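Here the sequence shown stands for residues 1 to 253, where the numbers follow full-length UniProt numbering. In this text, a Cβ means the ideal position worked out from N, Cα and C, and glycines have one as well. It should be emphasised that the depicted structure is a prediction, and the values quoted were computed from it without experimental measurement. Have a look at the structure below before the remarks.
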Amino acid sequence: MCVIWFSDIMMPRMGPPTTARQENPMYLSFRNPQWPANQICKENVLEYFCNQANTFYEMNSCNQQIIMQSIKNRTVEECLRNMQGIQYVLWYSQPPLFIICKQRRNSPTNVSPISYYYIISGNVHQAPDMYSLIQSRLLGALEPLRNAFGEVTNYSRYNTAKGYYWEFKNKPNVKKRDEDKKDDEEEKLEERSTNFQKTRTMMLVNQLFSEMPPDEALEKEEVEEEDKKPEDVAQPPAEEPKFAEPAARSQNK
C-alpha cells in the first residue's frame, strides 16, 4: 500500500493544464481620472485612448511605436498609413461620443477591422459584435415568446368531429372590474352608523314607547278636543235659501 501511495505521488497528474479565467471584454471599462472628460476632443482622443493602463490598448501596436519614436513632423494618420500591424484610428467623432476602430493594416490600401470601442464622457467600452448583439436580442425575446406559447396552448382544443380549434374564454374587462371595485368601496363608505349606534338607538326608541305608549297619547288628544268651547269649534257656513223655479205654463196647457 505504501508503494502504491508513493507511486501515486510521484506520477504526474493527467489532464488539461489550469489556465487563468479570461474576463469578457464586454464587461470591462477604462477611465483616466487625471484627464477631464470635457477636455477630450477630436484632436486628442487617440492620445487619451492610447494609455498603458487601458485594458483595450495593445503595447505592440503601431500607435505605441509612433509614441516611442516621438514622430512630430507628420500626423498620426500619415504614419499609420505607411505601417503594417495593429492600429487604432478615430472612426467617428461627435462629442462627447467618440468611436475608435482597432484594425489590422496589411497594405496602404488593405485594412481589416477587428473591433470597435466607444468613448462617452471619458469612459471607454468595447462595442458588442454582431453575434453578441443578436444573441442578446434573441434571449430577451425568448421569455415573452415562451409565455405567449404557454398562454396559447391553454386555449387549444381537439374534437374528433371538428379537429383542432380555439376556445377563448371571455376575460372580465379590466376597466369594468375597476369600476365595480370602486363602487364597492363607495358603498362601504356610505355606512354612516356602527352596530353599537344602531343597538343604542333601538334601546332609546323602546324606552320612549314604554314611557309614552301610543294609547295614552290618543286619549289625551280626545280629552283636549272635548274641553274645547263650542264657539271655538268652527261652524259650517249657512246654506243660502233655495227657491223653486216656476214651472213653464206652456207645459200645463
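Asked	Found
How far does the beta strand (DSSP E) with Pro113 in it reach, from first residue to last?	110-120
Answer yes or no: do Phe98 and Ile120 have a C-beta to C-beta separation smaller than 9 Å?	yes
Under 9 Å, do Gln126 and Phe56 count as touching if we go by C-beta distance?	yes
Do Ile134 and Tyr117 have their C-beta atoms closer together than 9 Å?	no
9 Å is my cut-off, CB to CB: does Ile67 come that close to chain C?	The displayed structure is made up of one protein chain only, and chain C is not part of it.
So what does DSSP say about Asn24, is it helix, strand or coil?	coil
First and last residue of the beta strand (DSSP E) that includes residue 255?	What is shown of the chain runs 1 to 253, which leaves residue 255 out entirely.
Helix, strand or coil for Phe56? Go by DSSP, reduced to three states.	coil
Who does Ser93 pair with in a DSSP beta bridge?	Phe98
Here's the rule: buried if 16 or more other CB atoms are within 10 angstroms of the residue's CB, otherwise exposed. What is Arg21?	Because Arg21 sits at a pLDDT of 41, beneath the cut-off of 50, its placement in the model cannot be relied upon, and the following sentence gives the value as read from the coordinates. Looking at its Cβ environment, which holds fewer than 16 other Cβ atoms inside 10 Å, Arg21 is exposed.
Return the residue from the list Gln52, Asn123, Asn63 that minimises the CA-CA distance to Ile40.	Asn123
Name the DSSP beta bridge partners of Lys86, please?	For clarity, residue 86 is Ile in the given sequence; the question names Lys instead. Per DSSP, Arg104.
Going straight from the alpha carbon of Pro214 to that of Thr201, what length do you get?	19 Å
Could you check whether the segment 85-99 touches the segment 56-71, counting it as contact only if at least three pairs of C-beta atoms, one from each stretch, sit closer than 8 Å?	yes
Between which two residues does the alpha helix (DSSP H) containing Arg137 stretch?	130-153
Can you tell me whether Gln34 is helix, strand or coil according to DSSP?	coil
Taking Pro113 and Gln103 to be in contact with their CB atoms under 8 Å, please state how far apart those CB atoms are, rounded to whole angstroms.	5 Å
Just curious, the alpha helix (DSSP H) that Asn63 is in, first and last residue?	62-69
Let me know the secondary structure DSSP gives Met11 once reduced to three states.	Caution applies to Met11, whose pLDDT of 37 falls short of 50 and renders its modelled position unreliable; the value that the coordinates give is listed next. Looking at Met11 - three-state DSSP - the assignment turns out to be coil, as it is neither helix nor strand.
I'd like the list of long-range same chain contacts for Pro108, defined as Cβ closer than 7 Å, with 5 residues on each side in sequence excluded.	Arg81, Asn82
Tell me, please, which residues DSSP counts as bridged to Tyr164.	Tyr158
Per DSSP, what kind of secondary structure is Asn51 in: helix, strand or coil?	coil
Any idea if Phe209 is buried or exposed, counting beta-carbon neighbours within 10 angstroms, 16 or more meaning buried?	exposed
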